[in-house]
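Take the sequence shown: its position 281, counted from the start at 1, is 281 in the UniProt record's numbering, and no numbers get skipped. Have a look at the structure below, then the notes.
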Amino acid sequence: MMDPSPSGPIRPALSFLGPVGTFSHQAAYECFGPSVEYVPQHTIGDVFQSLSPHLPFGIVPQENSTNGSVVETYNSLRTSSIGHDNFIRGYTALAVTHCLIVRHGVKLEDIEHVLSHVQALGQCRSFLAQHLPRASLVPTDSTARAAEEIATGASAFDPYKCAAICSSIVVTIYENLQVLQEGIQDGEGNSTRFFILSHGSDRAFPPDRIPPVQNQALIRIEPLSGSAVTQKSKRVDIRRVINTLDLDILRIDRRPALHVPTFQDVYFLEVGSEKKGGTVQWLEELLQGIGKLGYAGIEASLLGHW
Ligand SMILES: O=C(O)C(=O)C[C@]1(C(=O)O)C=C[C@@H](O)C=C1
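In structure tokens, the structure reads:
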């Protein structure tokens, strides 16, 4: 299926959370197929940092329908390069079926450690509580990394006492692994939404691979910095932001700002337009809204629109 680099004409590169066989990889392949060269990274943060003119595209998980927002992604969205050098250009969703994957011959009662990405562990909480209540849960950089560690014996634990939670696709990659149980996720219709990223705001996608226009955007609001503002006025007044923007708010996420005074938040507002105008009109409304925030002294950055 997902040959990481079939031969042919030179293709743009796409950065994803590796190794081969992650859900990020599958989501990327559903969008881009063989039109890009797939470049695996160790962490979600590395995907953001790897983007450059030579590695112009990326994909990162944003939200799961069972377990909620992907914290690593929102932490990375706090960095100033997003909305400056790198941008969100669209999103895609993938149905996520988790499997319990073990070395051949390992039975449920043998398992003492369950390895996976923290999101996947969170999506299988009920299964784990019911069937493996005493197993230790070991977070790994990705689901496929957990499988790789068990297959290669790279984890700190005896691989015959371990299971990975990941996609069944890994058994086509590592022949010493098997599916012990399929469909162990909690939520009905468990699926994950991924942001598609690019270096530069207008980098052209490979032909026929343009994400659909949604008339949506992501805006980051930061607490004010600088010595002129009082401690109290640094805090983001989210109600004032929403009123000033005057756009439809589709979702709001919040992560701690990384500076003192403590307990200040960075907000992420996903906005859209319900008015039935075209894309040009939507962009005008969006830019006007951001202009109004600036005029009101609110620190706002457009992280991308699609
Ligand atoms: O570890 C992977 O396979 C990933 O692509 C990451 C990730 C996530 O962070 O949400 C993606 C989809 C699933 O929700 C589980 C894990």
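Using N, Cα and C, we set each Cβ at its ideal position, and we do this for glycine too. Values in this document were obtained by computation on a predicted structure and should not be read as measured data.
Among Gly-18, Leu-77, Tyr-91 and Ser-126, which residue has its Cα nearest to the Cα of Thr-66? In the sequence shown, residue 66 corresponds to position 66, counting from 1. Among Gly-18, Leu-77, Tyr-91 and Ser-126, the Cα nearest to that of Thr-66 belongs to Ser-126.
Cβ-based neighbour list, Tyr-160, same chain, cut-off 6 Å, excluding 5 preceding and 5 following: Position 160 of the sequence shown, counting from 1, holds the residue named residue 160. The residues are Arg-103 and Val-106.
Mind pulling the beta strand (DSSP E) runs of 3 or more residues that sit fully within the region 118-173? 136-139 and 162-166
The region 85-98 touching the region 26-35, judged by at least three CB pairs closer than 8 Å: yes
For the alpha helix (DSSP H) that Phe-23 lies in, which residues bound it at each end? Position 23 of the sequence shown, counted from the first residue, corresponds to residue 23. Start and end: 23-32.
In chain order, what residues of the same chain lie with their CB nearer than 6 Å to the CB of Leu-180, ignoring the 5 residues before and after it? For the purposes of this step, residue 180 is taken as the residue at position 180 of the sequence shown. Within the same chain, Leu-180 has close Cβ partners Leu-100 and Val-102.
Measuring straight from C-alpha to C-alpha, what distance separates Gln-264 and Glu-182? Working through the sequence shown from its first residue, we reach residue 264 at position 264. Working through the sequence shown from its first residue, we reach residue 182 at position 182. Computed Cα separation, rounded: 42 Å.
CB of Thr-143 to nearest heavy atom of ligand 1: below 7 Å? Here residue 143 is taken as the residue at index 143 of the sequence shown, counted from 1. Yes - ligand 1 has a heavy atom lying nearer than 7 Å to the Cβ of Thr-143.
Below 6 Å CB to CB, which residues in the same chain sit around Cys-31 once its five sequence neighbours on both sides are set aside? Here residue 31 corresponds to residue number 31 of the sequence shown, with the count starting at 1. For Cys-31, where only same-chain residues beyond five positions count, the Cβ hits under 6 Å are Thr-92.
Can you tell me the Cα-Cα spacing of Pro-56 and Phe-87, whole angstroms? Position 56 of the sequence shown holds residue 56. Position 87 of the sequence shown holds residue 87. About 10 Å.
Does the region 111-122 come within contact of the region 236-255, defined as at least 3 CB pairs closer than 8 Å? no
In the DSSP output, what is His-305 paired with across the bridge? Working through the sequence shown from its first residue, we reach residue 305 at position 305. DSSP output for His-305 lists Ala-217 as bridge partner(s).
Pro-261, buried or exposed, once every other Cβ within 10 Å from all chains shown has been counted against 16: On the sequence shown, position 261 is the one that residue 261 refers to. Exposed, by the Cβ-count rule.
Taking the beta carbon of Thr-279 as the centre, do at least 16 other beta carbons fall within 10 Å, making it buried, or is it exposed? Your numbering for residue 279 matches position 279 in the sequence shown. Exposed is the call here.
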